[in-house]
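Residue numbers (UniProt numbering): 1 to 263.
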């Protein structure tokens, strides 16, 4: 386990991030994270779905627009306000993954992309709550930041950027937790899940940090566009990224995606 520190605390970071961009359009690309893995999980359109940590709403809006019974929540008020403003029919609310308001065995599926690693405290409680609200045999699909070369390099780049702005002044506030694959798996097995699938995944490839490696239409960074389409690389960038992931997947992914079943 490794903790990433930044100059702003986690809640302030996400409040600013979601305040700076509009609500997401529904995600379009079924071949990339997170929608690819949501599709692997949510098989029954009649099932009840909870998106825990829906953020700006790209996954929530995708499923809502296709008639699924889905509720989304996030701990950042501004993200929920923007979603309700753009589409009042969305079931979206402010919530806390460590203290869910829902009854036991309420949902067939829980989607939790980029949620658990934001918890400084209560990580095991959050996964226990996820287990509690799932029906027996229900599935959770969740991602977590990997503790590896890629995320260490990303953290170094972020720290360097802050130092260039602030000089050598250090402000250490919790930003996220990074886990190895085995640490992540153990969290779920201890909570009573059987793991069906775990894979190293590239959400934002490290090469995407450098405009020279991005696809032509992504050279000028637009977060809403990237969140809808995926963080797309140029032909050369993709070839390099494929090589990194082909030879060293556990070191050059930035997240692990897990699908687990309540038993």
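In this text, a Cβ means the ideal position worked out from N, Cα and C, and glycines have one as well.
Keeping to the same chain, check which residues put their C-beta closer than 8 Å to that of residue i; ignore five residues upstream and five downstream.
i           : result
residue 176 : 3, 4, 10, 117, 118, 145
residue 191 : 124, 127, 128, 130, 131
residue 46  : 69
Could you compute how far the alpha carbon of residue i sits from the alpha carbon of residue j?
i           : j           : result
residue 104 : residue 247 : 43 Å
residue 250 : residue 200 : 6 Å
residue 147 : residue 253 : 10 Å
residue 242 : residue 101 : 42 Å
residue 19  : residue 42  : 29 Å
residue 7   : residue 44  : 43 Å
Can you give me the start and stop residues for the alpha helix (DSSP H) that residue i sits inside?
i           : result
residue 245 : 235-247
residue 184 : 181-190
residue 78  : 77-86
residue 146 : No alpha helix (DSSP H) contains residue 146, which DSSP labels as neither H nor E.
Which same chain residues, not among the five before or five after residue i, have their C-beta less than 7 Å away from its C-beta?
i           : result
residue 184 : 144, 256, 258
residue 107 : 48, 49, 50, 133, 134, 135, 138
residue 17  : none
residue 151 : 145, 178, 254
Name the DSSP bridge partner or partners of residue i?
i          : result
residue 51 : 72, 111
residue 21 : Residue 21 is not bridged to any residue.
With residue i as the anchor, note down where its beta strand (DSSP E) starts and where it stops.
i           : result
residue 174 : 173-178
residue 227 : It is not in any beta strand (DSSP E) - residue 227 instead sits in the alpha helix (DSSP H) that spans 223-229.
residue 6   : 2-6
residue 216 : Here residue 216 belongs to no beta strand (DSSP E), and DSSP marks it neither H nor E.
How about residue i and residue j: are their beta carbons less than 8 Å apart?
i           : j           : result
residue 90  : residue 82  : no
residue 149 : residue 187 : no
residue 94  : residue 112 : no
residue 154 : residue 206 : yes
residue 228 : residue 28  : yes
Residues in the same chain with beta-carbon distance under 6 Å from residue i, minus the five sequence neighbours each way, listed in chain order, please.
i           : result
residue 203 : 33, 254, 255
residue 231 : 204, 208
residue 194 : 261, 263
Any chance the CB of residue i is under 7 Å from a heavy atom of the ligand ZN?
i           : result
residue 189 : The ligand ZN is not among the ligands present in this structure, which contains no ligands whatsoever.
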